[in-house]
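Colleague: If you read the sequence shown in my numbering, its first letter stands for residue 4, the second for the next number, and so on.
For each residue, glycine too, the CB sits at the ideal point set by N, CA and C.
Remember, it's a predicted structure, so these values are computed and weren't measured experimentally.
Have a look at this one.
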Amino acid sequence: MASDQTSKQTSKQTSDRSSTMWVPVCCGRVMRCNMFRQADGGSYAALVCSVCNKNITLEQEPAEAANKFGEGSKILSLIGSPKPPKTERKKSPGEASPDDPTL
Ligand SMILES: [Zn+2]
């Protein structure tokens, strides 16, 4: 049961970081997320842009599979909303990505 305690401590440390989340954005809008059930009991999700109709498929895997995705892989807390706000996303200075050409 010692390993159980260790994993509890680890999740405590990461809970600080999970107070933020990632928002999927395309064309300046939050992408819509639709969840689907598969016949085998699994599920997957599709992120859809309501402007350009781009869609991204998200497949669900157990968290312990993360280590087979290579070094530097991170588990991102992604918001998946079926009805996200339709307001345009404005980039605040704090949110600008490092490769933003306007900076
Ligand atoms: Zn788009």
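Could you compute how far the alpha carbon of residue 93 sits from the alpha carbon of residue 41?
Modeller: The straight-line gap from Cα to Cα measures roughly 36 Å.
Colleague: Do the segment 41-59 and the segment 67-80 touch if we need at least three Cβ pairs shorter than 8 Å?
Modeller: Flag = no, the segment 41-59 and the segment 67-80 do not touch.
Colleague: Buried or exposed for residue 29, please, with buried defined as at least 16 other CB atoms from any protein chain shown within 10 angstroms of its CB.
Modeller: Per the 10 Å Cβ criterion, buried.
Colleague: Which residues in the same chain have their Cβ closer than 7 Å to the Cβ of residue 51, if we skip the five residues on either side of it in sequence?
Modeller: Cβ neighbours of residue 51 beyond the five flanking positions: 34, 35, 37, 58.
Colleague: Closer than 6 Å from C-beta to any heavy atom of ligand 1: which residues, in chain order?
Modeller: Listed along the chain, these residues meet the criterion: 29, 30, 52, 54, 55, 57.
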